[in-house]
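Chemist: Quick note on full-length UniProt numbering: the sequence shown kicks off at 1 and runs consecutively.
Idealized CB from N, CA, C, for every residue including glycine.
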Amino acid sequence: MQKSVRYNEGHALYLALLARKEGTKRGYLSKKTAETNRWHEKWFALYQNVLFYFEGEQSARPAGMYMLEGCNCERVPAPKGCAAGSAKDAALDKQHYFTVLFGHEGQKPLELRCEDEVDGDEWVEAIHQASPCPQMCTGHSVPPPWAGGSRNCCSTKSFINSRKHLMSVWFCQIVALNKTKEKMRPYQGNLEDEDPDIKKIKKVQSFMRGWLCRRKWKTIVQDYICSPHAESMRKRNQIVFNMVEAESEYVHQLYVLVNCFLRPLRMAASSKKPPISHDDVSSIFLNSETIMFLHEIFHQGLKARIANWPTLILADLFDILLPMLNIYQEFVRNHQYSLQVLANCKQNRDFDKLLKQYEANPACEGRMLETFLTYPMFQIPRYIITLHELLAHTPHEHVERKSLEFAKSKLEELSRVMHDEVSDTENIRKNLAIERTIVEGCDILLDTSQTFIRQGSLIQVPSVERGKLSKVRLGSLSLKKEGERQCFLFTKHFLICTRSSGGKLHLLKTGGVLSLIECTLVEETEAS
């Protein structure tokens with residue numbers, strides 16, 4: 001079991017050597033031993049806050065050392081046993097005694113004495129200067145200056161608050177240190193006897209120090225306000241505030257859509273003479289009510305984070321929101337079909353009259369139902385733009401940067417998927433719509449890989465020109481005169497139709513469906 005405390009003896013000897021040469025105070029003092037209560041003369045050397053003593057002035061190795069950090073030194077009267085008696089006791093009575101008190105119980109004080117009063121005062125003052133410790137002398141702990149800088153502040157306001165906190169902590173430490181020194185300093189006479197002119201000078205100096213401190217602080221704050229970092233943080237904060245306002249407006253729009261249109265139409269669909277069926281209501285509004293519930297939760301989370309300003313963490317909110325945004329796929333995929341169903345329902349006069357009544361609600365602010373159905377289509381792109389702007393003003397070492405970049409990548413991936421699904425769905429619906437307009441029908445349009453490109457009217461020229469047989473155009477069809485044809489171009493086929501007097505489309509019996517794989521396109525110019 002270890003019985004002694006280990007220390008760096010080599011470094012201690014080096015400090016002792018410095019104390020012998022460059023010590024703050026050096027000289028002979030009498031030291032009272034704790035075991036025998038006898039006085040022994042030693043040569044002392046004070047270096048910073050360590051007091052070394054040697055057997056003699058020429059001794060190279062110290063006999064011991066005392067750590068003065070947190071200690072108190074004060075003058076003490078001579079022992080009572082030396083007040084009267086022999087000549088030796090009279091000589092001892094002329095000695096000047098002082099004691100070094102350590103800042104904890106169980107440690108006996110260090111008793112010292114010297115023959116010269118001035119020398120004793122110098123020793124007491126030197127030990128005072130070497131052992132400042134506000135925490136041990138005032139009885140309470142002063143927090144370190146860096147204790148207030150652990151929070152991650154992203155705004156000018158938080159930066160100013162942290163700097164003010166540091167200044168107040170430093171001021172408390174200086175006041176505590178000054179009070180401790182005043183307590184340790186020996187009695188120096190009545191302060192009321194100080195010269196009035198000196199008091200005025202000190203007062204003016206105090207005012208000047210305060211003015212200089214305030215001016216320096218104002219310069220520090222002004223320099224930070226004008227710095228690029230502060231400007232970037234102001235822009236970032238403004239983006240966050242705009243995002244919260246936009247989210248609040250979006251939640252309100254969804255609330256109007258659900259409460260002013262969806263729920264009243266559900267009730268109308270349950271009436272005796274319903275102007276619309278429940279299936280049409282579901283086809284028009286899709287899962288807009290679920291989207292509203294999701295964004296109400298997200299908006300509440302944003303408001304709670306803003307309430308904790310300037311501490312603002314947004315990345316975890318996006319981590320919660322991202323997995324739930326898949327519900328947008330159903331809405332976006334069927335949005336065009338939703339508008340088509342609504343257009344068909346508007347042909348019913350009763351439904352159109354009822355819908356105009358709902359749109360006259362002051363909460364709608366003159367906007368139509370189609371406008372409210374379009375708002376969710378732009379929400380995912382709006383999030384992507386907001387995160388892009390937020391990252392542009394977020395430092396690379398910011399704690400949220402990686403999380404925000406991950407959220408942005410996930411939203412971009414989701415946006416691409418929804419765009420592809422919308423394109424596929426719209427292409428299928430377009431093919432089916434064309435297939436229904438052709439009286440005979442067309443099986444090739446039922447192929448999902450058949451992508452519509454364009455449609456329009458073309459003039460089919462006769463196959464015999466200038467008395468000679470020309471190349472066959474548009475199949476093996478032979479015409480005696482030009483004819484207008486309704487044509488549809490797809491990725492794999494080209495359809496040629498004629499329009500009857502009733503407006504219906506009929507595929508040409510011969511050459512009505514051309515496979516583009518087997519065709520060659522030749523561009524001919526008119527000779528004239």
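#1: Going by Cα to Cα distance, which pick from Arg401, Met292, Glu249 and Thr33 is closest to Ala315?
#2: If we ignore side chains and look at the alpha-carbon of each, how far apart do Lys94 and Glu115 end up?
#3: Three or more C-beta pairs under 8 Å: does that hold for the region 486-496 against the region 513-520?
#4: Can you name the residues that DSSP bridges to Phe98?
#5: Output the residue ranges of the alpha helix (DSSP H) runs that lie fully inside the region 219-268 and measure 4 residues or longer, sorted by chain position.
#6: If distances are taken between C-alpha atoms only, which option among Glu370, Ile380, Ile276 and Gln347 comes closest to Leu325?
#7: Taking the alpha-carbon of Ala407 as reference, which of Thr386, Lys203 and Cys487 has the nearest alpha-carbon?
#8: Just confirm the distance between the C-beta atoms of Glu330 and Asn287, as a whole number of angstroms; I'd bet it's less than 8 Å.
#9: Apart from the five residues on each side of it in sequence, which residues of its chain come closer than 8 Å, Cβ to Cβ, to His388?
#10: Per DSSP, which one or two residues make a beta bridge with Arg499?
#11: Assuming the contact rule is C-beta atoms closer than 8 Å, Arg305 and Leu312 should be a hit. Round their C-beta distance to whole Å, please.
#12: Is the beta carbon of Glu359 closer than 8 Å to that of Leu373?
#13: Please report how far the alpha carbon of Asp119 lies from the alpha carbon of Arg215, in whole angstroms.
#14: Per the contact definition of three or more C-beta pairs closer than 8 Å, is the region 340-353 in contact with the region 272-283?
#15: Measuring only the C-alpha atoms, how far is Arg26 from Pro395?
#16: Tell me whether Trp211 sits in a helix, a strand or coil according to DSSP, three-state version.
#17: In chain order, what residues of the same chain lie with their CB nearer than 6 Å to the CB of Met243, ignoring the 5 residues before and after it?
#18: Measuring only the C-alpha atoms, how far is Ser59 from Ala45?
#19: Just reading off the alpha helix (DSSP H) that Leu18 is part of, what are its end residues?
#20: What did DSSP end up calling Cys487 once you bin it into helix, strand or coil?
#21: Of the choices Leu302, Pro109, Thr491 and Val50, whose alpha-carbon is the least far from that of Thr33?
#22: According to DSSP, is Ile385 helix, strand or coil?
#23: For Gly366, count the other beta carbons within 10 Å of its own beta carbon; 16 or more makes it buried, fewer makes it exposed. Which is it?
#24: Pick helix, strand or coil for Leu51, following the three-state DSSP scheme.
#25: Answer yes if the region 296-305 comes into contact with the region 243-259, meaning at least three C-beta pairs across the two stretches below 8 Å, and no otherwise.
#26: Could you compute how far the alpha carbon of Pro196 sits from the alpha carbon of Pro79?
#27: State the Cα-Cα distance for the pair Ala307 and His252, rounded to the nearest angstrom.
#28: What are the complete alpha helix (DSSP H) segments, minimum 4 residues, inside the region 366-453?
#29: Rounded to a whole number of angstroms, what is the C-alpha to C-alpha distance between Pro310 and Val240?
#30: Excluding the 5 residues preceding and the 5 following Thr451 in the sequence, name in chain order all residues of the same chain whose CB lies nearer than 8 Å to its CB.
#31: Would you kindly report the start and end of the unbroken beta strand (DSSP E) that includes Ser515?
#32: Assuming Arg333 is part of the alpha helix (DSSP H), what are its boundary residues?
Modeler: Per the coordinate set shown:
#1: Sequence index remark: in the sequence shown, residue 315 carries index 315 (1-based). Shortest Cα-Cα distance from Ala315 to any of Arg401, Met292, Glu249 and Thr33 involves Arg401.
#2: Translated into positions along the sequence shown, residue 94 becomes position 94. Translated into positions along the sequence shown, residue 115 becomes position 115. Across the structure, Lys94 and Glu115 are spaced so that their CA atoms are roughly 7 Å apart.
#3: They touch, by the three-pair rule.
#4: Position 98 of the sequence shown, counting from 1, holds the residue named residue 98. Paired residue(s): Arg75 and Leu112.
#5: Along the length of the region 219-268, whole alpha helix (DSSP H) runs at least 4 residues long occupy 228-257, reported in chain order.
#6: Along the sequence shown, one-based indexing puts residue 325 at 325. Taking the Cα of Leu325 as reference, the smallest distance to any Cα among Glu370, Ile380, Ile276 and Gln347 is reached at Ile380.
#7: Sequence index remark: in the sequence shown, residue 407 carries index 407 (1-based). Of the listed residues, the one whose Cα sits closest to Ala407 is Thr386.
#8: Mapped onto the sequence shown, residue 330 falls at position 330. Mapped onto the sequence shown, residue 287 falls at position 287. Here Glu330 really is in contact with Asn287; their C-beta atoms are around 6 Å apart, less than 8 Å.
#9: By one-based count along the sequence shown, residue 388 stands at place 388. Result list for His388: Lys408, in chain order.
#10: Numbered from 1 along the sequence shown, position 499 holds the residue referred to as residue 499. As DSSP reads the structure, Arg499 sits in a beta bridge with Leu505.
#11: In the sequence shown, counting from the first residue as 1, residue 305 sits at position 305. In the sequence shown, counting from the first residue as 1, residue 312 sits at position 312. Rounded, the Cβ-Cβ distance is 6 Å, consistent with contact.
#12: Here residue 373 is taken as the residue at index 373 of the sequence shown, counted from 1. Here residue 359 is taken as the residue at index 359 of the sequence shown, counted from 1. Going by beta carbons, Leu373 and Glu359 fall outside the 8 Å limit.
#13: Counted from its first residue, the sequence shown places residue 119 at position 119. Counted from its first residue, the sequence shown places residue 215 at position 215. Taking the straight line from one Cα to the other gives about 43 Å.
#14: The answer is yes - the region 340-353 touches the region 272-283, with three or more Cβ pairs under 8 Å.
#15: Within the sequence shown, residue 26 is the residue found at index 26, counting from 1. Within the sequence shown, residue 395 is the residue found at index 395, counting from 1. Computed Cα separation, rounded: 56 Å.
#16: Taking the first residue of the sequence shown as position 1, residue 211 is located at position 211. Looking at Trp211 - three-state DSSP - the assignment turns out to be helix.
#17: For the purposes of this step, residue 243 is taken as residue 243 along the sequence shown, with counting starting at 1. Apart from sequence neighbours up to five positions away, the residues of its chain that approach Met243 with a beta-carbon distance below 6 Å are Thr386, ordered along the chain.
#18: In the sequence shown, counting from the first residue as 1, residue 59 sits at position 59. In the sequence shown, counting from the first residue as 1, residue 45 sits at position 45. Between Ser59 and Ala45, the C-alpha separation is close to 12 Å.
#19: Within the sequence shown, numbered from 1, the residue matching residue 18 stands at position 18. From DSSP, the alpha helix (DSSP H) with Leu18 extends over Glu9 to Glu22.
#20: Mapped onto the sequence shown, residue 487 falls at position 487. Per DSSP, reduced to three states, the secondary structure at Cys487 is strand.
#21: Working through the sequence shown from its first residue, we reach residue 33 at position 33. Thr33 has its Cα closest to that of Pro109, out of Leu302, Pro109, Thr491 and Val50.
#22: Here residue 385 corresponds to residue number 385 of the sequence shown, with the count starting at 1. Here Ile385 carries a helix assignment [DSSP, helix/strand/coil].
#23: To locate residue 366, count along the sequence shown from 1; it is residue 366. When all chains shown are included, Gly366 counts as exposed.
#24: In the sequence shown, counting from the first residue as 1, residue 51 sits at position 51. Residue state, collapsed to three classes: strand.
#25: Segments in contact, yes.
#26: Within the sequence shown, the letter at position 196 stands for residue 196. Within the sequence shown, the letter at position 79 stands for residue 79. A straight-line Cα-Cα distance of about 41 Å links Pro196 and Pro79.
#27: As a working mapping, residue 307 is identified with position 307 in the sequence shown. As a working mapping, residue 252 is identified with position 252 in the sequence shown. Roughly 20 Å between the two C-alpha positions.
#28: Taking only runs of at least 4 residues, the alpha helix (DSSP H) segments lying wholly in the region 366-453 are 369-374, 379-392 and 401-437.
#29: Numbered from its first residue, the sequence shown carries residue 310 at position 310. Numbered from its first residue, the sequence shown carries residue 240 at position 240. Cα-Cα distance, rounded: 12 Å.
#30: Indexing the sequence shown from 1 puts residue 451 at position 451. Cβ neighbours of Thr451 beyond the five flanking positions: Asn427, Phe490 and Thr491.
#31: As a working note, residue 515 is residue 515 in the sequence shown. In the DSSP annotation of this structure, the continuous segment of the beta strand (DSSP E) that includes Ser515 starts and ends at Val513 to Ser515.
#32: Translated into the one-based positions of the sequence shown, residue 333 becomes position 333. Unbroken alpha helix (DSSP H) run through Arg333: Ile327 to Arg333.
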